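Student: This is the structure I have questions about; it appears just below.
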Amino acid sequence: MAKKHEFLARKVVKAFRDGLNKEARAAVGDMGFGELEAMIREALSEDRAHTAEMVEGLLKRLRSAVDKPEIEL
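Residue numbering for the sequence shown follows the numbering used here, beginning at 614 and increasing consecutively.
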């Protein structure tokens, strides 16, 4: 998924950069745009991790709710 995060981050930064005038782009600079891209990738990763934790919690609750047959001997 890292490749997808990179793609999305680049896409967002490009859209942001394209919306700025020449002076603003120069003021932010390549380093600033790179940092923005890294922050976006990190946010996407954190969101994915949070979603995975929620799914794991739901899976545990579902498994615990499954009726387990009792075998009487």
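Beta carbons: idealized from backbone N, C-alpha and C, even for Gly.
All values reported here derive from a predicted model rather than from experimental measurement.
#1: Pick out whichever of 658, 630, 684, 635 has its Cα sitting closest to the Cα of residue 618.
#2: Nearest CA to the CA of residue 646: which residue from 676, 679, 625?
#3: Quick check on the DSSP output: the alpha helix (DSSP H) that includes residue 685 runs from which residue to which?
#4: Can at least three beta-carbon pairs, one atom from the region 628-644 and one from the region 652-672, be found at a separation below 8 Å?
#5: I believe residue 653 touches residue 615 by the beta-carbon criterion, under 8 Å. Please report the beta-carbon distance rounded to the nearest angstrom.
Tutor: So, from the listed chains and residues:
#1: If you compare the alpha carbons of 658, 630, 684, 635 with that of residue 618, the shortest gap goes to 658.
#2: 625
#3: First-last for residue 685: undefined, no H or E at that position.
#4: In the pairwise beta carbon analysis, the region 628-644 is classified as not touching the region 652-672: fewer than three pairs are separated by under 8 Å.
#5: Not a contact, Cβ separation roughly 13 Å.
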